[in-house]
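Engineer: Protein chains in written order, with the working numbering: chain A, 224 to 318; chain B, 1109 to 1582. Every residue gets a Cβ at the ideal spot worked out from N, C-alpha and C, and that includes glycine. Note that the structure is predicted; figures quoted are calculated from it, not measured.
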Amino acid sequence: MKINNETVAYLEKLARIELTDEERVECCSDLQDIVSHMDILSELDTQDAEPLSQSFSAKNVMREDEVKPSLDRDTALKNAPRVKDGFFSVPKTVE
Amino acid sequence: MNYEVVVGLEVHVELATKTKIFCSCTTEFGGEPNTQVCEVCLGMPGTLPVLNRAVVDFAVRTGLALNCEVACCNKFDRKNYFYPDLPKAYQISQLYLPICHDGFIEIGKSETCKKIRIKEIHMEEDAGKLIHDADEINTLVDYNRCGVPLLEIVSQPDMRSAEEAVEYIEKLRVILQYIGVSDCKMQEGSLRADINLSVRPVGSFELGVRTEMKNMNSFKAIARAIKAESERQIALLEKGEKVIQETRRWDDSEGQSYAMRSKEEAQDYKYFPEPDIPPVVISQEQIDATRAAIPELPDKKIERYTQLGLTDHDAEIIAGSVYLAKLFECTYEVCGNAKEAANWILVDLLKLLHDSAKQPEDMDFNFDSLGKIILMVEKGKINRGTAKKVFEKVFEENINPAEYVEDNNLGLVTDTDTIYATVETVVKDNEKSVNEYKSGKTQALQYLIGQSMKALRGQAPAQTVTEILKDLLN
Ligand SMILES: [Zn+2]
């Protein structure tokens, strides 16, 4: 797979970040290296291999439906850049 | 040309578990903003979600009640998107292996019943609530709802009208309430539907281009939206234009849908298997045990109620509400008279609910009270007029019927000696009327009956009073 400027622009959009032109060039070559490495893997025949979604053999890890105390609100809001009336406050998402 | 409307519904149901799907925060509705949140549901780095066992149990129960196959091996997938209603920037959902698939719900009367197929049911987490209009510059976020367990129940495009869609969702709602997995309060957002709709010429088997309307939260809005959207699509096709595949926002107050700002490219959720939740394996034993514990569902109830002597119509109304059905069954158990129980519920109770603008779910009284009142009438302890008043008090204040009758002296006077003595006094005190009666003025008798009933607080059988009075006068 070939990484080009369009791929980087698309990823910027999805990640909601804006790169400088310099960073774009750097990002393009970094990503190309990563993807090329993956291309080596895809040379393997995985026809009969089950896709792996977990690296542990654990299964059925569940908890009982019992309420435990939540955080107190001041603690919950502590990392928020902006707070108003007990709410997290973020840039407006609709016009 | 004649067109056919093709509707499929994706229904999101908030489960009635005590805690959220991946953390132990309470799911209670209506808490102060951001007081039911923790490190996990706020998506803080370094936290790990742990699946709530009850969510899996509820999902299996729902699947079985909706005639689905249950997948023995379950995995979760990560749906990535960047929007402040999900602080992790992804939603843990199920894409590749939904917990249940290939079920159906039957709608319509038994003779003309129609199967609406259910494609799949998957487990996922709800998002937080965004408030856009409280602040001029910013959007405010409350994460109390974030992480509340949801089932998404996806139908096949089997509905052909607004009426069928509403019938499907009503039936789904009542089944979910009977099996106790959700309270399905639409006004609290615990049941919401996305409508997928297309139209095609009658007789065509190909599906038209569909649009989607999200987050509908009332039956009326769903019906109106389907009617309006199908008319819009038909008008486009008639003009030779094309329907564009898009998500539209339904404005119920204006009765119109609007195209949401079309996105440059399709949503790219970059789904991948969720690494934080190990697979969930459901055994056949668990499925069998859950199936055995599923309570009687509405169709079976209607059948049983008609066998108890109710008309189809009455049985359908009562079985159509989990709360009315519960009251009916409890009343029948106490008084043993199914028809009387149904009568009281369909006439007196529905009127009380209507007059107080309440829903059956708002009923807040001991459910054995109605049966006790019916028994008191049957045993001649109170008359029906008094019974109505007592039931009103039960409905409003949850009083104890027997105590209330006793304390307020509302019981029927059944003791003949007491009635005799009372009527005798009335005759003595009303010499003038007695003489009028004896001289042939028959209306004087009515007056004397009235006076006697008054003295007996209206709580004696009028027939007995009349008979005693005639005896004394002649
Ligand atoms: Zn939490």
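Just the Cα atoms here: how many angstroms apart are V1389 of chain B and P1141 of chain B?
Structural biologist: By one-based count along the second sequence, residue 1389 of chain B stands at place 281. By one-based count along the second sequence, residue 1141 of chain B stands at place 33. For V1389 of chain B and P1141 of chain B, the distance between alpha carbons rounds to 36 Å.
Engineer: Which residue from B:K1328, B:W1358, B:Q1353, B:E1339 puts its Cα closest to that of K1322 of chain B?
Structural biologist: Counting from one through the second sequence, the residue named residue 1322 of chain B turns up at place 214. Checking every option, the nearest Cα to that of K1322 of chain B belongs to B:W1358.
Engineer: Comparing alpha-carbon positions, which option in B:V1307, B:K1128, B:P1387, B:E1404 lies nearest R1253 of chain B?
Structural biologist: Locating residue 1253 of chain B in the second sequence gives position 145, where the first residue counts as 1. The option with the nearest alpha carbon to R1253 of chain B is B:K1128.
Engineer: Return the first residue and the last residue of the alpha helix (DSSP H) that G1479 of chain B is part of.
Structural biologist: To locate residue 1479 of chain B, count along the second sequence from 1; it is residue 371. Note, G1479 of chain B: alpha helix (DSSP H), 1477-1486.
Engineer: At which residue ranges does the segment 1430-1468 of chain B contain complete alpha helix (DSSP H) runs of 4 or more residues, listed in the order of the chain?
Structural biologist: 1430-1443, 1446-1451, 1458-1463
Engineer: What's the gap between the Cα of Y1379 of chain B and the Cα of S1391 of chain B?
Structural biologist: As a working note, residue 1379 of chain B is residue 271 in the second sequence. As a working note, residue 1391 of chain B is residue 283 in the second sequence. Inter-residue distance for Y1379 of chain B and S1391 of chain B is about 27 Å (C-alpha atoms, whole angstroms).
Engineer: Please report the distance separating the alpha-carbon of I1261 of chain B from that of P1509 of chain B.
Structural biologist: For this step, residue 1261 of chain B is matched to residue 153 along the second sequence. For this step, residue 1509 of chain B is matched to residue 401 along the second sequence. Going by the C-alpha atoms only, they are around 44 Å apart.
Engineer: Taking any Cβ of chain B, which residues in the segment 277-289 of chain A have a Cβ under 9 Å from it, in chain order?
Structural biologist: Q277, S278, F279, S280, A281, K282, N283, V284, M285, R286, E287, D288, E289
Engineer: For ligand 1, is there any heavy atom lying closer than 7 Å to the beta carbon of G1297 of chain B?
Structural biologist: The residue labelled residue 1297 of chain B in the question sits at position 189 within the second sequence. No; taking the cut-off as 7 Å, the Cβ of G1297 of chain B has no heavy atom of ligand 1 nearer than that.
Engineer: Report yes or no: is there a C-beta of chain B within less than 8 Å of the C-beta of T230 of chain A?
Structural biologist: Working through the first sequence from its first residue, we reach residue 230 of chain A at position 7. No, its Cβ sits nowhere closer than 8 Å to a Cβ of chain B.
Engineer: Can you check which of these residues, B:A1343, B:P1157, B:E1233, is closest to D1384 of chain B by C-alpha distance?
Structural biologist: Stepping through the second sequence from its first residue, residue 1384 of chain B is reached at position 276. Closest by alpha carbon: B:P1157.
Engineer: Beta carbon of L1280 of chain B, beta carbon of I1213 of chain B: below 8 Å?
Structural biologist: Position 172 of the second sequence holds residue 1280 of chain B. Position 105 of the second sequence holds residue 1213 of chain B. Taking a C-beta distance under 8 Å as the contact criterion, L1280 of chain B and I1213 of chain B qualify as a contact pair.
Engineer: A188 of chain A touches chain B at which residues, Cβ-Cβ below 7 Å?
Structural biologist: The structure shown does not extend to residue 188 of chain A, since chain A spans only 224 to 318, so no value can be given for it.
Engineer: I'd like to know if Y1276 of chain B contacts chain A, where contact means its C-beta is closer than 8 Å to some C-beta of that chain.
Structural biologist: Counting from one through the second sequence, the residue named residue 1276 of chain B turns up at place 168. No, no contact with chain A.
Engineer: State whether the segment 1164-1171 of chain B contacts the segment 1340-1348 of chain B, with contact taken as three or more CB pairs (one from each stretch) at a distance under 8 Å.
Structural biologist: At 8 Å Cβ cutoff, the stretches do not touch.
Engineer: Chain B beta carbons: is any one of them nearer than 8 Å to that of F305 of chain A?
Structural biologist: Along the first sequence, read from residue 1 onward, the residue named residue 305 of chain A stands at position 82. Sequence check: residue 305 of chain A is Arg here, not Phe. Yes, R305 of chain A lies at the interface with chain B (some Cβ there is under 8 Å from its Cβ).
Engineer: Classify R1268 of chain B as buried or exposed, calling it buried when 16 or more other Cβ atoms lie within 10 Å of its own Cβ.
Structural biologist: Stepping through the second sequence from its first residue, residue 1268 of chain B is reached at position 160. Exposed.
Engineer: Which residues of chain B have a Cβ atom closer than 9 Å to the Cβ of T316 of chain A, listed in chain order?
Structural biologist: Walking along the first sequence from the start, residue 316 of chain A turns up at place 93. Neighbours of T316 of chain A on chain B, chain order: Y1191, P1192, D1193, L1238, H1240, T1247.
Engineer: Can you look up A1301 of chain B in the DSSP assignment and give me helix, strand or coil?
Structural biologist: What you label residue 1301 of chain B is simply residue 193 of the second sequence in a count that begins at 1. Looking at A1301 of chain B - three-state DSSP - the assignment turns out to be strand.
Engineer: In whole angstroms, give me the CA-to-CA distance for E1372 of chain B and I1402 of chain B.
Structural biologist: Here residue 1372 of chain B refers to the residue found at position 264 of the second sequence. Here residue 1402 of chain B refers to the residue found at position 294 of the second sequence. Reliability of the predicted coordinates at E1372 of chain B is poor, the pLDDT of 44 falling under 50, and no value is obtained from them.
Engineer: What are the boundary residues of the beta strand (DSSP E) that N1110 of chain B is part of?
Structural biologist: Locating residue 1110 of chain B in the second sequence gives position 2, where the first residue counts as 1. It is not in any beta strand (DSSP E) - N1110 of chain B carries neither H nor E in the DSSP assignment.
Engineer: Could you tell me which residues DSSP puts in a beta bridge with R1308 of chain B?
Structural biologist: Residue numbering aside, residue 1308 of chain B sits at position 200 when the second sequence is read from its first letter. R1308 of chain B pairs with B:E1112.
Engineer: Roughly how many angstroms lie between the CA atoms of F310 of chain A and R239 of chain A, to the nearest whole one?
Structural biologist: In the first sequence, the residue the question calls residue 310 of chain A occupies position 87. In the first sequence, the residue the question calls residue 239 of chain A occupies position 16. Rounded to whole angstroms, F310 of chain A to R239 of chain A spans 23 Å at the Cα level.
Engineer: In chain order, which continuous runs of the beta strand (DSSP E) of length 3 or greater are located wholly inside the segment 1121-1198 of chain B?
Structural biologist: Here the runs fully enclosed are 1185-1188.
Engineer: Do you know whose CA, among B:E1271, B:V1274, B:V1121, lies nearest E1232 of chain B's CA?
Structural biologist: By one-based count along the second sequence, residue 1232 of chain B stands at place 124. Looking at the Cα atoms, B:V1121 is the closest of the given residues.
Engineer: Starting from F1503 of chain B, trace the alpha helix (DSSP H) in both directions and tell me its first and last residue.
Structural biologist: One-based indexing of the second sequence puts residue 1503 of chain B at position 395. 1492-1505 is the span of the alpha helix (DSSP H), which, as asked, contains F1503 of chain B.
Engineer: Would D1359 of chain B pass as an interface residue toward chain A - the criterion being a Cβ-Cβ separation below 8 Å?
Structural biologist: Here residue 1359 of chain B refers to the residue found at position 251 when the second sequence is read from its first residue. It does not: the Cβ of D1359 of chain B has no partner Cβ on chain A nearer than 8 Å.
Engineer: I need the straight-line Cα distance from T1125 of chain B to G1236 of chain B, nearest angstrom please.
Structural biologist: Here residue 1125 of chain B refers to the residue found at position 17 when the second sequence is read from its first residue. Here residue 1236 of chain B refers to the residue found at position 128 when the second sequence is read from its first residue. Taking C-alpha positions only, T1125 of chain B is separated from G1236 of chain B by approximately 17 Å.
Engineer: Whose C-alpha, out of B:E1314, B:L1454, B:G1417, B:Q1467, is nearest the C-alpha of L1620 of chain B?
Structural biologist: Only positions 1109 to 1582 of chain B appear in this structure, which leaves residue 1620 of chain B out of reach.
Engineer: At 9 Å on the CB atoms, spell out the chain B contacts of R239 of chain A, in chain order.
Structural biologist: For this step, residue 239 of chain A is matched to residue 16 along the first sequence. By Cβ distance, chain B contributes F1190.
Engineer: Can you check whether the C-beta of A1162 of chain B is within less than 8 Å of a C-beta belonging to chain A?
Structural biologist: Residue 1162 of chain B sits at position 54 when you count from the first residue of the second sequence. With 8 Å as the cut-off, A1162 of chain B counts as an interface residue toward chain A.
Engineer: Would T1398 of chain B and E1354 of chain B qualify as a contact pair, given that the criterion is a beta-carbon distance under 8 Å?
Structural biologist: For the purposes of this step, residue 1398 of chain B is taken as the residue at position 290 of the second sequence. For the purposes of this step, residue 1354 of chain B is taken as the residue at position 246 of the second sequence. Their beta carbons are not under 8 Å apart, which means T1398 of chain B does not touch E1354 of chain B by this criterion.
Engineer: Distance check for L254 of chain A and D271 of chain A, CA to CA, integer angstroms please.
Structural biologist: Numbered from 1 along the first sequence, position 48 holds the residue referred to as residue 271 of chain A. Numbered from 1 along the first sequence, position 31 holds the residue referred to as residue 254 of chain A. The straight-line gap from Cα to Cα measures roughly 29 Å.
Engineer: Cβ of V313 of chain A less than 8 Å from any chain B Cβ?
Structural biologist: For this step, residue 313 of chain A is matched to residue 90 along the first sequence. Taking Cβ atoms only, chain B reaches closer than 8 Å to V313 of chain A, which makes this a yes.
Engineer: I'd like to know if the segment 1429-1444 of chain B and the segment 1465-1482 of chain B are in contact, where contact means that at least 3 CB-CB pairs between them fall below 8 Å.
Structural biologist: yes
Engineer: Along the segment 1382-1394 of chain B, what residues have a CB closer than 8 Å to any CB found in chain A?
Structural biologist: E1382, P1383, I1385, P1386, P1387, V1388, V1389
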